[in-house]
Amino acid sequence: MHCNGKCYLKKQLERDQQQQNNGSAGKEKYEVSYIDDLYSYDLRSYAPSIPLIAYYQSSVPYTPLSDTFRPPQA
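Residue numbering for the sequence shown follows the working numbering, starting at 27 and increasing by one per position.
Spelled out as structure tokens, the structure:
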């Protein structure tokens, strides 16, 4: 018997229908809680103030392009 996928589709639809008839299939219950009083902390007052000093030192010497590039002479 060649059903070209119709048999499989029919079985899937029947299975889905049975799950819907059960009522609780695929449904989950979650409890939602609310917190009214939230504590907030200002962490900036506890952290020591350290000035940020950043220097970049390249290990490759900088040579401007104008020093090395010579256009061809005509």
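Cβ atoms here follow ideal geometry from the backbone N, Cα and C, with glycine treated the same way.
| Query | Result |
| --- | --- |
| Span separating the alpha-carbon of ASN48 from that of TYR34 | 21 Å |
| For TYR56 and TYR82, the rounded distance between their alpha carbons | 53 Å |
| GLU40 - DSSP class collapsed to helix/strand/coil | helix |
| Distance, SER75 Cα to ARG96 Cα | 51 Å |
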